[in-house]
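Quick note on numbering: the sequence shown equals residues 1 to 146 in the UniProt record's numbering.
Glycine included, each C-beta is placed from N, C-alpha and C at the ideal position.
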Amino acid sequence: MKTVAQLLKAKDQKNQDVHTIQWDHTVFEALMRMSEKNVGALPVVRDNEVVGIISERDYARKIMLKGLSSLTTKVHEVMSAPVITVDTHKRVEECMNIMTDSHLRHLPVVEDGKLLGLLSIGDLVKEAIAEQADLIRQLEQYIRGE
């Protein structure tokens, strides 16, 4: 299986950009950025360090259901923290296990304290399916003696 570094490198350029939100911004600002960038989550940063992650799920569960205002509530009040991250040496399968075990949909990639990317469960499933399809093709060729 590919490593996180290989997966990040293979992503489309538009999907390689990592959009973040500062920890002291409002939830409304985070929602606006998510909508503008068409993403479901944003790593939360403070002093250039990833300190959490905020997602549409956080908004639904921690703002809407509790009757809070997204205009006045700060991101750090509702973000998921501590954030689980991976480095570029992890394999896709390991990342899938982390996400499944921790019930995550997004996984920040951090190397030497620097945010390099954000993997979604969709990124990992797409890669796993591609690798399985390639393995099936190879096995079929082997059986046919090619």
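For residue i, the three-state DSSP class (helix, strand or coil)
{"i": "Thr100", "result": "helix"}
{"i": "Glu36", "result": "helix"}
{"i": "Ile84", "result": "coil"}
{"i": "Gly113", "result": "coil"}
{"i": "Arg61", "result": "helix"}
{"i": "Arg91", "result": "strand"}
{"i": "Glu49", "result": "strand"}
{"i": "Leu68", "result": "coil"}
Proximity below 8 Å, CB of residue i to CB of residue j
{"i": "Gln95", "j": "Val83", "result": "Sequence inspection shows Cys at residue 95; the Gln mentioned does not correspond to that position. Their beta carbons are not under 8 Å apart, which means Cys95 does not touch Val83 by this criterion."}
{"i": "Leu68", "j": "Thr88", "result": "no"}
According to DSSP, residues forming a beta bridge with residue i
{"i": "Ala41", "result": "Ser55"}
{"i": "Val20", "result": "One point to set straight first is that residue 20 is Thr, not Val, in the sequence displayed. Looking at the DSSP assignment, Thr20 forms no beta bridge with any residue, so it has no partner."}
{"i": "Lys74", "result": "Thr26"}
Neighbourhood of residue i by C-beta distance below 8 Å, restricted to the same chain and skipping five residues each side
{"i": "Trp23", "result": "Val44, Val45, Arg46, Val51, Gly52, Lys74, Val75, His76, Met79"}
Own chain, CB closer than 7 Å to residue i, minus 5 neighbours either side, in chain order
{"i": "Met1", "result": "Arg91, Val92, Glu93, Glu131"}
Cβ shell of residue i (< 6 Å), same chain only, five flanking positions each side left out
{"i": "Lys37", "result": "His19"}
ask   = For the 8 Å Cβ check, are there 3 or more pairs between the segment 99 to 108 and the segment 26 to 34?
value = no
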